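Enquirer:
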Amino acid sequence: MTERAPLGKRAAAWAVARLIERSLHRAFRRVVWAGPEPWATGALDPDRPLVLYANHHGFYDGYLLWLLARRALGRPALLWMRDWERTPLFGPLGALPFPPGDGEAERAQRLATVRATARRLGTRPPPVFLYFPEGELRSPDAGLAAFPTERFIRLARLLPNAVQWWPVGLRVTWWSEDRPTALLAGGTPHDAPTGDEHARLAATLGGLRAAQPGTGLVLLDGTPSAHERWDLARLAPLFRRWT
Numbered sequence: 114m115t116e117r118a119p120l121g122k123r124a125a126a127w128a129v130a131r132l133i134e135r136s137l138h139r140a141f142r143r144v145v146w147a148g149p150e151p152w153a154t155g156a157l158d159p160d161r162p163l164v165l166y167a168n169h170h171g172f173y174d175g176y177l178l179w180l181l182a183r184r185a186l187g188r189p190a191l192l193w194m195r196d197w198e199r200t201p202l203f204g205p206l207g208a209l210p211f212p213p214g215d216g217e218a219e220r221a222q223r224l225a226t227v228r229a230t231a232r233r234l235g236t237r238p239p240p241v242f243l244y245f246p247e248g249e250l251r252s253p254d255a256g257l258a259a260f261p262t263e264r265f266i267r268l269a270r271l272l273p274n275a276v277q278w279w280p281v282g283l284r285v286t287w288w289s290e291d292r293p294t295a296l297l298a299g300g301t302p303h304d305a306p307t308g309d310e311h312a313r314l315a316a317t318l319g320g321l322r323a324a325q326p327g328t329g330l331v332l333l334d335g336t337p338s339a340h341e342r343w344d345l346a347r348l349a350p351l352f353r354r355w356t
């Protein structure tokens, strides 16, 4: 049986979830899943914990992956945050502190976070660990940064053996509206690190360039553009006289 969270934590989680959704509604015209849906085909096992690894090229990446975990997968999410102390509000939704630095306190906190992640991945329902192997936010123009294979192998040693691994690409583009469209797509889930995680993620990210307007699964319908909301055709005769 899943232990029920304290009322205060549930209230805080609800409030922060609403904040995230409002931010996404304002920032994007829509959020779209492009391509096959592995949660519907059985490629993702709902009874196994999941490490979702993704590129990190936009400010809203964590929000978008949280939305994917909740809307499409129906699972809680875990995420490591470098600046957790500055924005602790996301703690009730699964954000864990992962501070940079070589001090004893920073190393102790990172170790505690890794242990907490492994423990939570063994709970029910199995969470999704949102992992950015590039390590920090980068410009999309720079492409996918190199990251060592050892990073995945070390992480796998610390997590439950039942974990699935899944590359997910994130791309922001424009489909003729005044707000951008956020695109997400996934590669093939696998049972363990294979040494080619960079190639898997790069291929998934590159495939998003072929996504076309009007296709895919809409995860969130954001704020329509002014062009969509307004029809001023009745004023055309008047303004034609002034043209």
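The numbering used here puts the first residue of the sequence shown at 114, with every later residue one more than the last. For every residue, glycine included, the Cβ atom is placed at its ideal position computed from N, Cα and C. In this text the structure is predicted, and so the values were computed from the model without any measurement.
(1) For Trp343, name the three-state secondary structure that DSSP assigns.
(2) Look up Gln277 in the DSSP assignment and say whether it is helix, strand or coil.
(3) If the criterion is Cβ atoms closer than 8 Å, does the pair Pro239 and Arg161 meet it?
(4) Short of 8 Å in beta carbon distance, which residues of its chain neighbour Lys122, apart from the five on each side in sequence? Order them along the chain.
(5) Which residues share a DSSP beta bridge with Trp146?
(6) Which residue's Cα is closest to the Cα of Ala125: Leu202, Val227, Arg135?
(7) Considering Trp193, what are the terminal residues of the beta strand (DSSP E) in which it resides?
(8) Residues in the same chain with beta-carbon distance under 7 Å from Asp304, minus the five sequence neighbours each way, listed in chain order, please.
(9) Under a Cβ-count criterion, where at least 16 other Cβ atoms within 10 Å of its own Cβ denotes burial, should His311 be classed as buried or exposed?
(10) Determine the extent of the alpha helix (DSSP H) in which Pro350 is found, giving its start and end residues.
(11) Give me the Cα-Cα distance between Gly327 and Trp288, rounded to the nearest whole angstrom.
(12) Reducing DSSP to helix, strand and coil, say where Leu272 ends up.
(13) Could you tell me if Ala295 is buried or exposed, where buried requires 16 or more neighbouring beta carbons within 10 angstroms of its beta carbon?
(14) Assign Ala229 to buried or exposed, taking buried as 16 or more other Cβ atoms, counted over all protein chains shown, within 10 Å of its Cβ.
(15) Could you tell me the boundaries of the alpha helix (DSSP H) in which Ala167 lies?
(16) With Ile80 and Pro306 assumed to form a contact (beta carbons below 8 Å), what rounded beta-carbon distance in angstroms separates them?
(17) By how many angstroms is the C-alpha of Arg342 removed from the C-alpha of Val281?
(18) Just to confirm, are Gly300 and Arg313 a CB contact at a threshold of 8 Å?
(19) Would DSSP call Tyr244 helix, strand or coil?
(20) Would you mind giving the Cβ-Cβ distance between Leu250 and Ala167, rounded to the nearest angstrom? I have them listed as a contact below 8 Å.
(21) According to the Cβ coordinates, are Gly148 and Val285 closer than 8 Å?
Expert: By the coordinates alone:
(1) As a working mapping, residue 343 is identified with position 230 in the sequence shown. Assigned with DSSP and collapsed to three states, Trp343 falls in coil, not helix or strand.
(2) Against the sequence shown, residue 277 aligns to sequence position 164. Here Gln277 sits in strand by DSSP.
(3) Taking the sequence shown and counting its residues from 1, one reaches residue 239 at position 126. Taking the sequence shown and counting its residues from 1, one reaches residue 161 at position 48. Yes.
(4) The residue given as residue 122 occupies position 9 in the sequence shown. Pro205, listed in sequence order.
(5) Walking along the sequence shown from the start, residue 146 turns up at place 33. According to the DSSP secondary-structure assignment, Trp146 is paired through a beta bridge with Leu297, Leu330.
(6) If you number the sequence shown from 1, residue 125 lands on position 12. Among Leu202, Val227, Arg135, the Cα nearest to that of Ala125 belongs to Leu202.
(7) Along the sequence shown, one-based indexing puts residue 193 at 80. Trp193 -> beta strand (DSSP E) spans 190-194.
(8) In the sequence shown, the residue the question calls residue 304 occupies position 191. Only Gln277 meet the Cβ criterion.
(9) Your numbering for residue 311 matches position 198 in the sequence shown. The residue is buried, with at least 16 neighbouring Cβ atoms inside 10 Å.
(10) Start at 1 with the first residue of the sequence shown, and residue 350 comes out as number 237. Start and end: 349-354.
(11) The count along the sequence shown starts at 1 and reaches residue 327 at position 214. The count along the sequence shown starts at 1 and reaches residue 288 at position 175. Whole-angstrom Cα-Cα distance: 9 Å.
(12) Indexing the sequence shown from 1 puts residue 272 at position 159. DSSP places Leu272 in coil when its eight states are reduced to three.
(13) Your numbering for residue 295 matches position 182 in the sequence shown. Its Cβ being crowded by 16 or more others within 10 Å, Ala295 is buried.
(14) Position 116 of the sequence shown, counted from the start, is the residue given in the question as residue 229. Counting the other CB atoms within 10 Å of its CB gives Ala229 a total below 16, which places it among the exposed residues.
(15) The sequence position of residue 167 within the sequence shown is 54, counting from 1. Ala167 -> not in any alpha helix (DSSP H); beta strand (DSSP E) instead, spanning 163-167.
(16) Summary: the structure shown does not reach residue 80, with the chain confined to residues 114 through 356, and so no result is reported for it.
(17) On the sequence shown, residue 281 is found 168 positions in, with the first residue counted as 1. On the sequence shown, residue 342 is found 229 positions in, with the first residue counted as 1. Roughly 33 Å between the two C-alpha positions.
(18) Position 187 of the sequence shown, counted from the start, is the residue given in the question as residue 300. Position 200 of the sequence shown, counted from the start, is the residue given in the question as residue 313. The Cβ-Cβ distance between Gly300 and Arg313 falls below 8 Å.
(19) Your numbering for residue 244 matches position 131 in the sequence shown. Reduced to three states, the DSSP call for Tyr244 is strand.
(20) Mapped onto the sequence shown, residue 250 falls at position 137. Mapped onto the sequence shown, residue 167 falls at position 54. Contact doesn't hold; Cβ gap of about 12 Å is too wide.
(21) Counted from its first residue, the sequence shown places residue 148 at position 35. Counted from its first residue, the sequence shown places residue 285 at position 172. By the CB criterion at 8 Å, Gly148 and Val285 fall outside the cutoff.
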